[in-house]
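Here my numbering is used: position 202 in the sequence shown is 185, and no number is missing along the way.
In what follows, a structure is listed as structure tokens, so that the remarks can point back to it.
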Amino acid sequence: MKSKLIVALDVESFEDATALVQVTRDVVDVFKVGSQLFTRVGPRIIEFLHEHGKECFIDLKFHDIPHTVARAVASAAALRVRMLTLHTSGGAEMLEAAAAIPGHPLLLGVTVLTSVGGDVQAEVLRLAKLAKECGLDGVIASPREIHLLREALGKNFLIVTPGIRPSWAEAGDQKRVMTPTEAVAAGASYIVVGRPIIAADDPARAAARIVEEMAVAVASA
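Here it is, written out as structure tokens:
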């Protein structure tokens, strides 16, 4: 994946999603499909992304008995999904079952949702360590925990961060936020951005601006 920016297709319809992909495709390689869009349109959006040379990060936060989660991961692999999420709170047996699926997508363990405030660093670190021990490829964590996780888990463990708000965008319901520049400087592998791009008057320009801001951080590292 060339760009560290993942755009969240948190929209109501297939048409809205494909329009957003088309206008941001020059600076975005991976698009996140969450429960809102997948429930409405299903694998059709994944097929569209593949047809247009893009990759899919499916964010359905699997959390069930180990066998059920393992079969869901196998289904995602069959759809050629690039990345997917599981709740680390599902426990070691569930996570290990997912990691045992041959040819699985990159598996990212959800730690503590970015809408949760307060001091959650200890819990995030505990869950992230569990994810790594169980064979997952990385975690989903707020940018506020990136530095802590990098120190504990090393440079190769993926840290994908929602809760990204450019200085020119509203925070919304996110509590533990950073700008794109701050997140990349802290060590984020990828950042996920939805509303600041979707709600922008010019989504293409908003996405390009975020990529430009991240490039500055990488160049200064």
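Here a beta-carbon is modelled for each residue, glycine too, at the ideal position from N, C-alpha and C.
All figures in this text were calculated on a predicted structure; none of them were measured in a lab.
Subject >> Close Cβ partners of L131 (< 7 angstroms) along its chain, the five nearest in sequence each way excluded >> reply: Q104 and L108
Subject >> Helix, strand or coil at G121 [DSSP, three-state] >> reply: strand
Original post:
In terms of residues, what are the limits of the beta strand (DSSP E) holding K15?
Top reply: V13 to G17
Original post:
Leaving out the 5 sequence neighbours to the left and right, which residues in its chain are closer than 7 angstroms to R27 when beta-carbon positions are compared?
Top reply: F(-3)
**OP:** Answer yes or no: do P149 and E196 have a C-beta to C-beta separation smaller than 8 angstroms?
**Re:** yes
Original post:
Taking all protein chains shown into account, do 16 or more other C-beta atoms lie within 10 angstroms of the C-beta of H70, making it buried, or fewer, making it exposed?
Top reply: buried
**OP:** Compare the beta carbon distance of T7 and V(-10) with 8 angstroms and say whether it is the shorter of the two.
**Re:** yes
Original post:
In terms of residue numbering, what span does the alpha helix (DSSP H) encompassing D42 cover?
Top reply: Taken as a continuous stretch (DSSP letters only), D42 belongs to no alpha helix (DSSP H), being part of the beta strand (DSSP E) at E38 to F45.
**OP:** Measure the alpha-carbon distance for L119 versus S125 and round it to whole angstroms.
**Re:** 18 angstroms
**OP:** Confirm, please, whether the CB-CB distance from M161 to E181 is below 8 angstroms.
**Re:** For the record, residue 181 in the displayed sequence is Ile; it is not Glu. No.
Original post:
Thinking C-beta only, is K112 closer than 8 angstroms to F140?
Top reply: no
Subject >> T164 classed as buried or exposed, judged by whether at least 16 other C-beta atoms fall within 10 angstroms >> reply: buried
Original post:
Roughly how many angstroms lie between the CA atoms of P205 and R188, to the nearest whole one?
Top reply: Residue 205 lies beyond the stretch modelled for the chain, which goes from -16 to 204, so this question has no answer here.
Original post:
Given A191, which residues of its chain have a CB within under 7 angstroms of its CB, disregarding the five upstream and five downstream residues?
Top reply: V10
Subject >> H35, buried or exposed, once every other Cβ within 10 Å from all chains shown has been counted against 16 >> reply: exposed
Subject >> Burial state of K(-15), where buried means 16 or more other Cβ atoms lie within 10 Å >> reply: exposed
Original post:
Between the Cα of E134 and the Cα atoms of I193, A171, A83 and P186, which residue gives the shortest distance?
Top reply: A171
**OP:** Mind reading off the beta-carbon distance from G92 to I123? Whole number of angstroms is fine, and I expect it under 8 angstroms.
**Re:** 7 angstroms
**OP:** Identify whether E106 lies in helix, strand or coil by the three-state DSSP scheme.
**Re:** helix
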